[in-house]
Amino acid sequence: MTNPSPSGPDFSKNNGLLPAIAQDAQTGEVLMLAWMNAESFAETVRTGHAVYYSRSRGKLWRKGEDSGHAQTVRGIYIDCDADTILLKVDQLGVACHEGYRSCFFREVKPGGVQVVSERLVEPEKVYGHKPEAPAKDSLASRVGL
Ligand SMILES: [Zn+2]
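Position 34, counted from 1, in the sequence shown is what the working numbering calls 208; the numbers after and before it change by one each time, with no gaps.
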């Protein structure tokens with residue numbers, strides 16, 4: 175543990191985009207999953223703030239740059255295959271753009287999908303616009319319910 179291996183995440187895999195899980199450093203709650211490329215990873219390490227790569231916007235996504243809901247990184251881990259990243263973070267505000275603390279606020283049950291967390295922030299206050307209606311039905315149909 176005292177001699178860190180020089181090799182970090184293997185960005186030669188998966189076209190240079192690796193999944194990155196953010197977990198609450200205090201409670202262990204899984205907050206979100208996003209993607210990192212080598213550049214966003216390097217900036218995360220350098221700054222101590224979570225920086226992802228937005229696939230929809232095609233550019234670096236400095237978590238909180240628009241919403242203020244930034245993540246201070248307390249630890250960075252890679253998995254056995256060096257192709258999944260785990261960040262332990264202190265989350266300011268909420269992780270999810272829909273206003274929930276965690277993106278995983280819906281539970282899939284035999285009878286359907288249920289919202290199991292409390293919305294803490296109105297979505298329009300997160301990014302100044304209202305997201306589309308919850309994709310409850312489409313999610314349910316995707317998982318075959
Ligand atoms: Zn989310």
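Think of the CB as a built atom: it goes at the ideal place given N, C-alpha and C, for glycine as much as any other residue. Because the structure is a prediction, the values reported are computed rather than measured.
Straight-line gap, residue i to residue j (C-alpha atoms, nearest Å)
i	j	result
P193	M210	6 Å
L205	Q265	9 Å
S228	G285	33 Å
Y251	E296	32 Å
Q221	K262	Strictly speaking, residue 221 in this sequence is Thr, with Gln absent from that position. Those two C-alpha atoms are separated by around 14 Å.
K233	A224	14 Å
T201	N188	30 Å
F278	L294	14 Å
Q288	L207	20 Å
L330	A212	For the chain, the structure presents residues 175 to 319; residue 330 sits outside this window and is missing.
Heavy atom of ligand 1 within 7 Å of residue i beta-carbon
i	result
E281	no
M210	no
H243	no
H271	yes
C277	yes
Per DSSP, the bridge partner or partners of residue i
i	result
P193	W209
Q288	E281
D198	V263
R220	BP columns for R220 are empty, so no partner.
V364	Only positions 175 to 319 of the chain appear in the structure, and residue 364 is not among them; the question remains open.
Closer than 8 Å to chain D by CB, residue i
i	result
A224	Absent here is chain D; the protein component of the structure consists of one chain.
Residue ranges of each beta strand (DSSP E) run of no fewer than 3 residues wholly in the stretch 227–270, ordered along the chain? 233–236, 245–252 and 259–265
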